[in-house]
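In this note's numbering, the protein residues as written are 133 to 422. Ideal Cβ positions, reconstructed from N, Cα and C, are used throughout, including at glycine. Please read these numbers as outputs of a predicted model, since none were measured by experiment. Report on the structure given below.
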Amino acid sequence: MRLFGGNSERQMLEQLGLPAESERCLWQQILATSGVLLITGPSSSGKTTTAYPLIREILRQSAGARCVMTIEDPIESAIAGASQSQVRPAAGFDLAAGLKSMMRQDPDVIMVGEIRDPATAEATFQAALTGHLVIATYHAGSAVEALTRLLEMGLEPYLVRSALNLVVSQRLLRRSCDCRHSREGISPARQVSADKSLSTEGLSFGCNRCGGTGYLGRMALAECLDPSFPLVARSLLARLDSQALFAAAEQSGMVSLKELGERAIRAGETTREELLRVFGGRLVLSDSRT
133 MRLFGGNSER QMLEQLGLPA ESERCLWQQI LATSGVLLIT GPSSSGKTTT
183 AYPLIREILR QSAGARCVMT IEDPIESAIA GASQSQVRPA AGFDLAAGLK
233 SMMRQDPDVI MVGEIRDPAT AEATFQAALT GHLVIATYHA GSAVEALTRL
283 LEMGLEPYLV RSALNLVVSQ RLLRRSCDCR HSREGISPAR QVSADKSLST
333 EGLSFGCNRC GGTGYLGRMA LAECLDPSFP LVARSLLARL DSQALFAAAE
383 QSGMVSLKEL GERAIRAGET TREELLRVFG GRLVLSDSRT
């Protein structure tokens, strides 16, 4: 069961608590007039929570001059000034059909609740190529994985390269409570594997405010991949594997989820254990004290 509504419907982009680099990238996308902004992550990673403030900011900056339409499954919150539609599969009105219907109404900005199938992916990217800004969410473990999955869905590399403005991959982590304490003297030699607690440094202890958990509230990590960077574009067009794409992205300046996580540990915002809980064996952390 998913519960919608509440304060999220009034949340603005600057209130999301995203890393500074990620927030700057998203502010730039608000001014775009075409292309796909892809927001990725697993379930409950805050994808729609990021998409909605973008739509609200577009409407605010344009004073309602830009026509914004959404196709969602389901509509999670009302957005004043946007025309929102919910899919009805039983009536043949799915995401792909909704997109095709919207194209006949001359929108400026389109939000696609989630790309789930090749038909929706194709319609999303074709809409971007015909002069629309499309904000879409997508299930993928990282920004690079989003690119490879789009190719696996049948999209041609040139289409992805031409239409895609930015890929944002995000995660939500528990934020350390003020009752957190640090323990010293843990040797890196004791950090044995990424699927175990690598260190007790930054371990959170409980208090009444956090209910004894050591964590209070949540924070977001978000990596941003710009496929227009020449090295990334060449790797994408050559259909290189995810490892080569990731290397190209990092060389082009992408700050990865791993690096953002390590920064958060060093800043005392969360713990190594929390990052490993969220990422599991996908994330191998270095010693945060170096």
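Local conformation of residue i per DSSP, three classes
| i | result |
| --- | --- |
| residue 187 | helix |
| residue 157 | helix |
| residue 166 | coil |
| residue 294 | helix |
| residue 355 | strand |
| residue 192 | helix |
| residue 268 | strand |
| residue 308 | strand |
| residue 274 | coil |
| residue 150 | coil |
| residue 209 | coil |
| residue 318 | Model confidence at residue 318 stands at a pLDDT of 37, short of 50, so the residue's coordinates are unreliable; what they give is reported in the following sentence. It is coil, neither helix nor strand. |
| residue 343 | coil |
| residue 172 | strand |
| residue 279 | helix |
| residue 285 | coil |
| residue 326 | Low confidence applies here, because residue 326 scores a pLDDT of 34, under 50, leaving its location unreliable; read the following figure in that light. Note: residue 326 maps to coil in three-state DSSP. |
| residue 179 | helix |
| residue 443 | This structure leaves residue 443 out entirely; the chain is present only between 133 and 422. |
| residue 419 | Bear in mind that a pLDDT of 49 at residue 419, under 50, signals an unreliable position, so the model cannot answer this. |
| residue 333 | Summary for residue 333: the model assigns pLDDT 47, below 50, so the residue's position carries little reliability, and this model does not support an answer. |
N-terminal and C-terminal residue of the alpha helix (DSSP H) that residue i is part of
| i | result |
| --- | --- |
| residue 244 | No alpha helix (DSSP H) holds residue 244; the beta strand (DSSP E) holding it covers 241 to 247. |
| residue 379 | 374 to 383 |
| residue 397 | 389 to 398 |
| residue 143 | It is not in any alpha helix (DSSP H) - residue 143 carries neither H nor E in the DSSP assignment. |
| residue 257 | 250 to 261 |
| residue 367 | 362 to 369 |
| residue 405 | 404 to 411 |
Closest residue to residue i among the options (Cα-Cα distance)
| i | options | result |
| --- | --- | --- |
| residue 243 | 262, 221, 207 | 207 |
| residue 168 | 359, 409, 388, 177 | 359 |
| residue 395 | 145, 153, 143, 147 | 153 |
| residue 344 | 350, 309, 388, 187 | 309 |
| residue 263 | 255, 350, 269 | 255 |
| residue 157 | 280, 399, 385 | 385 |
| residue 355 | 342, 311, 200, 277 | 277 |
| residue 251 | 192, 351, 223, 284 | 284 |
| residue 182 | 339, 280, 302 | 302 |
| residue 200 | 151, 382, 266 | 266 |
| residue 289 | 257, 273, 191, 214 | 257 |
| residue 305 | 146, 150, 145, 144 | 150 |
| residue 210 | 174, 198, 180 | 180 |
| residue 401 | 353, 245, 381 | 353 |
| residue 215 | 412, 398, 380, 191 | 191 |
| residue 383 | 410, 363, 348 | 363 |
| residue 172 | 198, 281, 274, 213 | 274 |
| residue 187 | 297, 175, 219, 159 | 159 |
| residue 202 | 233, 286, 177 | 233 |
| residue 261 | 237, 269, 282, 294 | 294 |
| residue 195 | 178, 213, 205 | 213 |
| residue 489 | 368, 349, 204, 222 | With the chain represented from 133 up to 422, any question about residue 489 goes unanswered, as that position is not in the structure. |
| residue 245 | 226, 229, 204, 272 | 204 |
Limits of the beta strand (DSSP E) - the one that residue i falls within
| i | result |
| --- | --- |
| residue 202 | 200 to 204 |
Beta-ladder partner(s) of residue i, from DSSP
| i | result |
| --- | --- |
| residue 301 | 172, 355 |
Unbroken stretches of the beta strand (DSSP E), 3 residues or longer, contained in the segment 213 to 243: 215 to 218
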